[in-house]
Amino acid sequence: MPHPLNPALAATFPPPVMEARRWLDGVEFTADRPLINVSQAAPVDPPPEALRQAIAEAALNDPQAHLYGPVLGMPELRAELAHQWSLAYGGEIAAQQVAITQGCNQAFCATLATLAGPGDEVILPTPWYFNHKMWLDMAGVQTVPLAPGAGLLPDPEEAAAKITGKTRAIVLVSPNNPGGAEYPAELLRAFADLAKRHKLALIVDETYRDFDSRSGAPHDLFSDPDWPRYFIHLYSFSKAYRLTGHRVGAIVAGETRLAEVEKFLDTVAICPSQLGQMAALWGMLHLSQWVAGERAEILRRRAAMEAAFADLEGWKMLGCGAYFAYVTHPDPRPSPDFAQALVREAGVLMLPGTMFMPQGANGAAQQMRIAFANVDTDGIAALRDRLAGLARG
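Numbering (my numbering), first residue to last: 203 to 595.
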């Protein structure tokens, strides 16, 4: 007889990106119609050469690159992030209020482990980032969906109506994955006031902050001297510096919470990758202009996406920003079936909206997420042509 499985883990849906990759099995793509892969929001190019050289030099010449480090991360990196974020957000952040993690997903899991357990509730706007939902399911935490309004923006008043005695946190992602929406500063402040009033945590995942189309700080939440009591900020170095394989993320939170985070991280990974942290620090110190160029290119691709879908018959764009466009499709097939058919019929891999919504949610069967960051403007034009060709065919 097989050993029993953890019921919560067994009931959690499988990783969506891995599931989508299996749709490619047995499908052949030709040189004149290669696969257009818009399924995953991760850089596919390596870091810039100067950063790779810094990584190589650290690997060869710095013995610390190969040893355990502090559980909460390198002091130098924690201090630099605190310094840069204090300037960028107009607030006061201390190095002791920063923890470095093995990627932003681990930052989320560690944070939630300090907040909620089986039977507790967390409010999650839809469409949600599927890994957030997966972790809550595994941990036995009840996800309370918050449907979006116009522009895929959640409503604080609707969130307030969903708060119960079991609610522990509200989670926001801005710029949003999967919807692309950039949450206005006043909206984030309204959610912060709501969390503060109800003694909840407000978690804001800003993995894609480096590609926000707006100038200046995206919010003023760090300007409140009381922010450590209710606000938790998450970040990833993976996108800005193309360090996906090095797994470096961050949590900014009160010191009391980070003491609890340290327990979680010590039992899971002991410490973040030393080499990855060295790379992240080098990037923060030397690559601001390079990142600005990366942002400009992503904004060009965003504009190309908006133009491509403006007159694409039957398609409607619900949100577009950072790495993502969130759209509705005109095909009569529900989005999971349509997404698999797109691989065979158009040579396109994208994810269905059902991967980002509660089961049976209204509209999910007509929705798709397009991760366009790895497709240049010519590729976006080719994507439009293939989708248009489906309708003609």
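C-beta: ideal position from N, C-alpha, C; glycine also. Just so it is clear, the structure is predicted and the values come from calculations on it, not from any experiment.
For Ala-573, list the residues DSSP reports as bridge partners. Numbered from 1 along the sequence shown, position 371 holds the residue referred to as residue 573. Residue pairing for Ala-573: DSSP places it in a beta bridge opposite Phe-526.
Cβ-based neighbour list, Met-203, same chain, cut-off 6 Å, excluding 5 preceding and 5 following: Against the sequence shown, residue 203 aligns to sequence position 1. Below a pLDDT of 50, predicted positions are generally treated as unreliable, and Met-203, at 49, falls in that range; the measurement from the model is reported next regardless. Contacts found: none.
Reference Thr-409, options Ala-261, Pro-380, Pro-356, closest by Cα: Here residue 409 refers to the residue found at position 207 of the sequence shown. The shortest C-alpha separation from Thr-409 is found at Pro-380.
Shorter than 8 Å from the beta carbon of Phe-466 to some beta carbon of chain C? Judged by its chain identifiers, the structure shown contains no chain C, having just a single protein chain.
The beta strand (DSSP E) that contains Ser-288, what's its start and end? Counted from its first residue, the sequence shown places residue 288 at position 86. Counting along the chain, no beta strand (DSSP E) covers Ser-288; the unbroken alpha helix (DSSP H) around it starts and ends at 277 to 291.
Applying the criterion that 16 or more other CB atoms from any shown protein chain within 10 Å of the CB defines a buried residue, is Thr-556 buried or exposed? Counting from 1 along the sequence shown, the entry for residue 556 is found at position 354. Result: buried.
Comparing alpha-carbon positions, which option in Ile-257, Pro-236, Gly-319 lies nearest Ala-481? Residue 481 sits at position 279 when you count from the first residue of the sequence shown. The residue with the shortest Cα to Cα distance from Ala-481 is Ile-257.
Residues in the same chain with beta-carbon distance under 7 Å from Leu-596, minus the five sequence neighbours each way, listed in chain order, please. Missing from the structure shown is residue 596; the chain here goes from 203 to 595 and no further.
Alpha carbon to alpha carbon, what distance is there between Thr-458 and Asp-428? As a first step, residue 428 is located in the sequence shown; it is residue number 226 there, counting from the start. As a first step, residue 458 is located in the sequence shown; it is residue number 256 there, counting from the start. About 14 Å.
Applying the criterion that 16 or more other CB atoms from any shown protein chain within 10 Å of the CB defines a buried residue, is Thr-303 buried or exposed? Looking up residue 303 in the sequence shown gives position 101. Counting every other CB atom within 10 Å of its CB across the protein chains shown gives Thr-303 a total of 16 or more, marking it as buried.
Are the CB atoms of Leu-551 and Ser-288 within a distance shorter than 8 Å? Translated into the one-based positions of the sequence shown, residue 288 becomes position 86. Translated into the one-based positions of the sequence shown, residue 551 becomes position 349. Between Ser-288 and Leu-551, the C-beta spacing is not below 8 Å.
Measuring alpha carbon to alpha carbon, tell me which of Ile-434, Glu-464, Met-507, Val-346 ends up nearest Met-559. The residue labelled residue 559 in the question sits at position 357 within the sequence shown. Closest by alpha carbon: Val-346.
Kindly provide the ranges of any alpha helix (DSSP H) runs that are 4 or more residues long and lie completely inside the segment 437 to 496, ordered along the chain. The DSSP assignment places complete alpha helix (DSSP H) segments of no fewer than 4 residues inside the segment 437 to 496 at 440 to 443, 457 to 470, 476 to 488, in order along the chain.
Using C-beta distances below 6 Å, list every residue in its chain close to Leu-211, excluding the 5 sequence neighbours before and after it, in chain order. To locate residue 211, count along the sequence shown from 1; it is residue 9. Closer than 6 Å at the Cβ level, and outside the excluded window around Leu-211, lie Met-340.
Name the two residues that bound the continuous alpha helix (DSSP H) containing Gln-255. Stepping through the sequence shown from its first residue, residue 255 is reached at position 53. Annotation for Gln-255: the continuous alpha helix (DSSP H) segment containing it runs 251 to 263.
First through last residue of the alpha helix (DSSP H) which encompasses Leu-389: Position 187 of the sequence shown, counted from the start, is the residue given in the question as residue 389. From DSSP, the alpha helix (DSSP H) with Leu-389 extends over 387 to 400.
I need the straight-line Cα distance from Gly-271 to Asp-395, nearest angstrom please. For the purposes of this step, residue 271 is taken as residue 69 along the sequence shown, with counting starting at 1. For the purposes of this step, residue 395 is taken as residue 193 along the sequence shown, with counting starting at 1. Between Gly-271 and Asp-395, the C-alpha separation is close to 37 Å.
Nearest to Glu-508 (by Cα), restricted to the options Ala-281, Tyr-525, Trp-492: The sequence position of residue 508 within the sequence shown is 306, counting from 1. Shortest Cα-Cα distance from Glu-508 to any of Ala-281, Tyr-525, Trp-492 involves Tyr-525.
Cβ neighbours of Ala-261 in the same chain (closer than 7 Å, five flanking residues each side left out): Start at 1 with the first residue of the sequence shown, and residue 261 comes out as number 59. Excluding positions up to five away in sequence, the list reads Ala-267, Leu-477.
For Val-463, count neighbouring C-beta atoms within 10 Å of its own C-beta (all shown protein chains included) and say buried if the count is 16 or more, exposed if not. For this step, residue 463 is matched to residue 261 along the sequence shown. Val-463 is buried by the Cβ-count criterion.
Buried/exposed call for Gln-299, threshold 16 Cβ in 10 Å: Walking along the sequence shown from the start, residue 299 turns up at place 97. With 16 or more Cβ atoms within 10 Å of its Cβ, Gln-299 is classed as buried.
Among Pro-377, Phe-439, Ala-281, which has the Cα closest to the Cα of Arg-416? As a position in the sequence shown, residue 416 is number 214, starting the count at 1. Measuring C-alpha to C-alpha distances from Arg-416 to each of Pro-377, Phe-439, Ala-281 identifies Pro-377 as the nearest.
Span of the beta strand (DSSP E) holding Thr-303? On the sequence shown, residue 303 is found 101 positions in, with the first residue counted as 1. Boundaries of the beta strand (DSSP E) harbouring Thr-303: 300 to 303, taken from the DSSP string.
Verify whether the separation of the beta carbon atoms of Ala-315 and Ile-453 is less than 8 Å. Position 113 of the sequence shown, counted from the first residue, corresponds to residue 315. Position 251 of the sequence shown, counted from the first residue, corresponds to residue 453. It is not a contact, given that the beta carbons lie outside the stated cut-off.
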